[in-house]
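Structure first, then comments.
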Amino acid sequence: MIQYLIIMLDDTSRSFCHYPDYKGPRNLIPLSTLRAGIVYAMKENLSLQFLYPDYQLPKEYIKAINKIDHIDIAANHDADVVICDSIPPADAMVDKTLVFRFTVDALASSIDSLCELLRTALKVNVIITDMAPVSESSFLLYKNSLRKIADAVTELIISGKIPQLNILTDRINLTAMNNCNAGWHCVTLAPDGCFYPCPAFYFKRIYSIGNLKDGVKAPNAQLFTLPYAPICRKCDAFQCKRCVWKNYIETGEVNIPSHEQCVISHLERNASVQIIKSINSRGFTWDVLPINETSYLDPISLLDVC
Ligand code: SF4
Ligand code: SF4
């Protein structure tokens with residue numbers, strides 16, 4: 375059942391996730407489409423999130439948006455969710471939710487400043503943008519980066535500050551899958567007036583799942599759900615985004631993940647295990663559920679194959 379509606383205000387709305395920023399011309403959503411999208415969200419009781427471009431919107435757009443409770447996602451320090459192009463000073467980001475879109479290499483060279491931010495930010499979300507294809511050396515680099523960040527997170531927790539970093543602390547705090555759920559719990563309204571599972575599908579003009587007149591009508595909608603994802607439903611990398619767009623691009627099926635996505639999520643899962651073990655080994659107790667260690671990095675090995 376859909377719970378969230380993202381409204382892309384322009385084709386150049388900034389990416390908050392795995393898909394790249396659109397580099398083409400501006401294409402502002404028509405004001406009538408924006409208003410109809412807001413009414414649709416109200417009728418369907420959906421939580422609204424607006425995805426902003428880098429330029430100032432006309433006043434009548436701001437007026438329409440501010441009539442309803444919503445979350446702003448933008449590359450602007452006043453937004454509720456701030457998409458960061460570079461690492462800002464930690465004291466400028468007190469109690470903010472931040473998104474960093476990093477390549478594996480860029481993350482490796484940003485570890486110290488990222489860890490500094492964990493002291494002040496409300497939540498830091500790291501999105502790896504070059505998830506596929508990923509070489510073995512990139513997996514190793516990511517693993518080493520996670521280990522260093524995990525050490526910093528451990529020290530913070532021991533000092534009394536519990537940071538929130540999606541790739542490490544989400545798995546520790548979750549007891550069930552908490553994926554992106556695009557096309558299932560969340561849909562996007564694009565400037566063309568059509569619904570898509572997420573902005574990435576709009577840019578490729580694939581998988582339109584309805585429009586404002588007819589509502590959300592996804593063919594084979596069940597394929598976006600966890601019960602119809604045969605590998606993911608047996609997995610316990612609860613923090614994994616289970617990115618249906620990456621799935622579609624890499625495997626041709628929205629419900630079948632790529633090897634790379636699974637390995638990356640399990641490297642994160644293993645680093646979460648490391649944090650809990652380090653804290654326990656130093657005589658501190660942290661009231662969280664233990665996470666079992668696994669012998670695999672790709673849960674396809676959990677499937678019964680004959
Ligand atoms: S790690 Fe792989 S199997 Fe597990 S939820 Fe993520 S994509 Fe699915
Ligand atoms: S499907 Fe979800 S995780 Fe993947 S790019 Fe779209 S919003 Fe991000």
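The opening residue of the sequence shown carries number 375 in this note's numbering; numbering runs sequentially from there.
Positions of the beta carbon are idealized from the N, C-alpha and C atoms, including for glycine.
Keep in mind it's a predicted model, so treat the numbers as computed, not measured.
Distance CB(residue i)-CB(residue j) smaller than 7 Å
| i | j | result |
| --- | --- | --- |
| Cys617 | Ile501 | no |
| Ile485 | Ile541 | no |
| Ile380 | Leu431 | no |
| Pro673 | Ile605 | yes |
| Trp558 | Thr625 | no |
| Leu496 | Ala464 | no |
| Ser487 | Ile457 | no |
| Asn401 | Pro571 | no |
| Ile442 | Ile412 | yes |
| Met551 | Glu634 | no |
| Cys560 | Tyr378 | yes |
| Ser639 | Cys614 | yes |
| Ala482 | Ser519 | yes |
| Leu586 | Tyr414 | yes |
| Phe577 | Tyr396 | yes |
| Ile536 | Phe658 | no |
| Leu676 | Val628 | no |
| Thr494 | Val455 | no |
| Leu539 | Val590 | no |
Element boundaries [beta strand (DSSP E), containing residue i]
| i | result |
| --- | --- |
| Val498 | 497 to 502 |
| Phe612 | Careful: Phe612 lies outside any beta strand (DSSP E) and carries neither H nor E. |
| Tyr378 | 378 to 382 |
| Ile447 | 445 to 448 |
| Val473 | 471 to 476 |
The alpha helix (DSSP H) enclosing residue i, as first and last residue numbers
| i | result |
| --- | --- |
| Tyr393 | No alpha helix (DSSP H) contains Tyr393, which DSSP labels as neither H nor E. |
| Cys458 | Cys458 -> not in any alpha helix (DSSP H); beta strand (DSSP E) instead, spanning 455 to 458. |
| Ala645 | 633 to 655 |
| Ile623 | 618 to 625 |
| Pro573 | 573 to 578 |
Anticipated Cβ contact below 8 Å, residue i with residue j, distance rounded
| i | j | result |
| --- | --- | --- |
| Arg545 | Ala438 | Contact flag wrong, Cβ pair sits at about 38 Å. |
| Asp446 | Arg388 | Between Arg388 and Asp446 the Cβ distance is about 11 Å, and since that is not below 8 Å, they are no contact. |
| Gly567 | Thr407 | 5 Å |
| Tyr393 | Pro573 | 6 Å |
| Leu515 | Val478 | 5 Å |
| Thr543 | Val527 | 7 Å |
| Val647 | Leu671 | With 8 Å as the limit, Val647 and Leu671 do not qualify as a contact, their Cβ atoms being about 13 Å apart. |
| Ile650 | Pro664 | 7 Å |
| Leu641 | Lys517 | 5 Å |
| Gly398 | Asp384 | So it is not a contact: roughly 11 Å between Cβ atoms. |
| Thr562 | Met382 | 6 Å |
| Leu420 | Ile376 | 6 Å |
Residue i CB to nearest heavy atom of ligand 4 below 6 Å
| i | result |
| --- | --- |
| Ala448 | As for ligand 4, it is missing from this structure, which binds only ligand 1 and ligand 2. |
Using the beta carbon as the reference atom, which residues fall closer than 5 Å to any heavy atom of ligand 1, ordered along the chain? Taking each Cβ in turn, the ones that pass are Ile605, Cys606, Cys609, Ala611, Cys614, Arg616, Pro631, Gln635, Cys636, Ser639, Pro673.
Considering only residues of the region 481 to 565, which uninterrupted alpha helix (DSSP H) runs meet the minimum length of 4 residues and lie entirely inside it, listed in chain order? The alpha helix (DSSP H) runs lying completely inside the region 481 to 565 and spanning 4 residues or more are 485 to 491, 510 to 532, 540 to 547, given in chain order.
Secondary structure, beta strand (DSSP E): runs of 3+ residues fully inside the region 397 to 442: The DSSP assignment places 421 to 425 as complete runs of the beta strand (DSSP E) inside the region 397 to 442, in order along the chain (cut-off: 3 residues).
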